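Chains G and W, in that order, give the protein sequences.
Numbers in my numbering are just positions in the first sequence, counted from 1, shifted up by 5.
Numbers in my numbering are just positions in the second sequence, counted from 1, shifted up by 4.
Cβ atoms here follow ideal geometry from the backbone N, Cα and C, with glycine treated the same way.
Values in this document were obtained by computation on a predicted structure and should not be read as measured data.
What follows is a single structure, written as structure tokens, with notes after it.
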Amino acid sequence: MGRSGKTMTINNSSALCIEQLSYAYSGKKALDQVSFSIQAGECTLLLGPNGAGKSTLFSLITRLYDSREGQISLCGYDIKRQTRLALAKLGVVFQQSTLDMDLTVLQNLLYHTALHGIARKVALPRIQQELERLNMFERRFEKIRQLNGGHRRRVEIARALLHKPALLLLDEPTVGLDVPSRLAIVDYVHQLATEENLAVLWASHLIDEIFPDDHLVVLHKGCVKAKGTVDEVLAATESTSIKDAFYNLTKGEAS
Amino acid sequence: MNFLHYWCAMSGIIGRELWRFITQRERFISALVRPLIWLFVFAAGFRAALGLAITPPYETYILYEVYITPGLIGMIQLFNGMQSSLSMVYDREMGSMRILMVCPLPRWFLLLSKLLAGTFVSILQVYVFLGIAWFYDIHAPWQGYLWVIPTLMLSGLMLGALGLLLSSFIKQLENFAGVMNFVIFPMFFMSTALYPLWKMKESSALLATLAEYNPFSQAVELIRFALYGQFNQQAFFYTLGAFIVFMAAAIVGYNPSKGMMSKKGGA
């Protein structure tokens, strides 16, 4: 849908479209008039220091909370009014592991496909395909408890893709991983975006996870401070490196 | 296609819960030991202290152990319902509740599936308990063992829905001790599980009234009558009504715009 979508209105072709989104916890604003969109095949990094509102934004996109102001749509489906159609397009990797420790890799994945109404016959080859791409297929009968952090993450990424979503959300998926595991996951997700034409929204505060072709959304104190391609953000902030740009964007009014 | 999706998801949720129950042996054993201690120790000691008149559904004089058995079945389901609420809080803290909540099905259906899963687990426990009780010479007519299945479904759903409702309020795992003190114990002791209503009236009219309106009592009476092949209509409607109320409240509690989740729950 990505290529042909470009000629259509942006609103319809966007894998994710967020408009004027605000959210407050008991009076304190966590998100303030946030707007941005992601197209198919784009990898967008959501950068922001701790407490910038990244997790709140993710909770709103996954509809754990309900937004009162603003709009979120996935592939043109409004998350509030067409919740199920929208959620069907969404794959999520949460910050904390959400796997069942005492079940095997395969059992965890089959549970997910059951929730998405995928029959076992269809699910099994898909599981094989996703696990093979991550070199995890031969470990499918192992319990999650026996896997290391990097491998658990791989299982979660495989799981998020089983129902063929259009948008993949990752909430700081590399936290607590060693450098090789981190790099492997960063590479793999970028590869997914280009090869599978998948839209990716990746929350992070690690600057080295950015690729030159990525799009950025810099969030600070609930506001979007900058958005666009890496070059656009560099130009707008008159910086030479992302590190400087990020520092400049988030230093002001820091409490 | 849509119906299939629902069916797939429900059997997935129930299968996962049953599998987890079977593999967690400690949970299985502790769920059994609790009512067995009540049966073997408490009931045996209490037998002498309590004289029971003949009340329906019983047709002869019965031993206290026989009287207490339906109450202990209720206890199994009560603990199971509360435990599944505990596991729901745990799931929410650990995040696996989120996986359930982002799947493209209506939330009430997901919660109901979760409840059914817990109820099936409790029915398994009940039958193992009844099996052991049988060797302890507590026998019900064989039809009773069949009639009790639908009542166990209803009572299990009702108590599970109560647990679900509580889980939407409880923010942290540690609060389970509070659930023990403020929900499980009062519900269990203020009921007809351990002593019949008329006996309670002799000592305290207020207590008897409270016990009468306690949904747990009604669930226990429903089970008691079913175990002897009889249908207690009042208990049935009362339990059903309680289930509907608790379930509706729980669904509101898990609604993203109205319930507790929006008040900074879930992390």
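Asked: Reference ALA20 of chain G; option with closest CA among G:ALA240, G:ASP83 and G:SER244; Found: G:ASP83
Asked: Secondary structure of GLU24 of chain G, DSSP reduced to three states; Found: strand
Asked: Under 8 Å by beta carbon: chain C residues contacting MET105 of chain W; Found: No chain C is part of this structure, whose protein chains are labelled G and W.
Asked: Cβ pair ILE142 of chain W, GLU69 of chain W closer than 8 Å; Found: yes
Asked: Close-in-space but distant-in-sequence residues of the same chain around PRO145 of chain W (CB under 6 Å, 5 per side omitted); Found: GLY233
Asked: Contact residues within the region 129-158 of chain W, judged by C-beta distance below 8 Å to chain G; Found: none
Asked: Contacting residues, own chain, Cβ-Cβ under 6 Å from THR12 of chain G (five flanking each side not counted); Found: Because THR12 of chain G carries a pLDDT of 37, less than 50, the predicted location of this residue cannot be relied on, and the following value inherits that uncertainty. Closer than 6 Å at Cβ, skipping near neighbours: no residue.
Asked: Contact with chain G by ALA197 of chain W, beta-carbon distance below 8 Å; Found: no
Asked: Within the region 128-196 of chain G, ranges of the beta strand (DSSP E) (whole runs, at least 3 residues); Found: 172-176
Asked: Beta-carbon contacts of LEU203 of chain G that lie in its chain and below 6 Å, excluding the five residues immediately before and after; Found: LEU173 and LEU197
Asked: Proximity of SER89 of chain W and SER171 of chain W at Cβ, strictly below 8 Å; Found: yes
Asked: Residue(s) in a DSSP beta bridge with ILE77 of chain G; Found: G:ILE23
Asked: LEU231 of chain W vs VAL152 of chain W beta-carbon contact at 8 Å; Found: yes
Asked: Given TYR94 of chain W as reference, the closest of G:GLU137, G:LEU104, G:GLN87 and G:VAL97 once Cα atoms are compared; Found: G:LEU104
Asked: Where the beta strand (DSSP E) containing TRP202 of chain W begins and where it ends; Found: That residue, TRP202 of chain W, is in no beta strand (DSSP E); its alpha helix (DSSP H) goes 201-207.
Asked: For VAL223 of chain G, the first and last residue of its enclosing beta strand (DSSP E); Found: 220-225
Asked: Status (buried if at least 16 other CB within 10 Å, exposed otherwise) for GLY56 of chain G; Found: exposed
Asked: GLN87 of chain W burial status per 10 Å Cβ neighbour count (16 or more: buried); Found: buried
Asked: Cβ-based burial, LEU49 of chain W [other Cβ within 10 Å; buried from 16]; Found: Note that residue 49 of chain W is Gly in the sequence shown here, rather than Leu. Label assigned to GLY49 of chain W: exposed.
Asked: N- and C-terminal bounds of the alpha helix (DSSP H) containing THR118 of chain G; Found: 110-120
Asked: Where ASP37 of chain G sits in the DSSP three-state scheme; Found: strand
Asked: Interface flag, ARG24 of chain W vs chain G, CB-CB below 8 Å; Found: yes
Asked: Within-8 Å CB hit, GLY16 of chain W to chain G; Found: yes
Asked: Proximal residues of chain W, C-beta to C-beta of ALA124 of chain G below 9 Å; Found: LEU8 and CYS12
Asked: Cross-chain neighbours of LYS97 of chain G in chain W, by beta carbon under 9 Å; Found: Reading off the sequence shown, one finds Val at residue 97 of chain G, where the question assumed Lys. Within chain W, the residues near VAL97 of chain G are ARG102, ILE103 and VAL106.
Asked: Per-residue DSSP class, three states only, for ASP105 of chain G; Found: coil
Asked: Proximity test, SER126 of chain W beta-carbon vs the ligand FMN heavy atom, cut-off 7 Å; Found: With respect to the ligand FMN, the structure offers nothing, as it holds no ligand at all.
Asked: Closer than 9 Å at the beta carbon, the chain W residues around TYR116 of chain G; Found: GLY16, ILE17, GLY19, ARG20 and ILE103
Asked: Rounded straight-line distance, which links the Cα of ILE247 of chain G to that of GLU214 of chain G; Found: 11 Å
Asked: Cutoff 7 Å; reference MET264 of chain W; Cβ partners in own chain excluding five residues on either side; Found: A caution first: MET264 of chain W carries a pLDDT of 49, below 50, which makes its placement in the model unreliable, though a value can still be read off. So the list reads SER172, PHE173 and GLY257, once near-sequence residues are dropped.
Asked: Nearest-angstrom Cβ-Cβ length linking HIS220 of chain G and LEU52 of chain G, presumed shorter than 8 Å; Found: Actually they are not in contact, since the Cβ atoms of HIS220 of chain G and LEU52 of chain G sit about 11 Å apart, beyond 8 Å.
Asked: Proximity test, Cβ basis, 8 Å: LEU109 of chain W and chain G; Found: yes
Asked: For LYS230 of chain G, the first and last residue of its enclosing beta strand (DSSP E); Found: 228-234
Asked: Where ALA93 of chain G meets chain W, residues with beta-carbon distance less than 8 Å; Found: PRO108
Asked: Rounded C-alpha distance that separates ARG24 of chain W from HIS9 of chain W; Found: 22 Å
Asked: Any C-beta of chain G under 8 Å from that of PRO60 of chain W; Found: no
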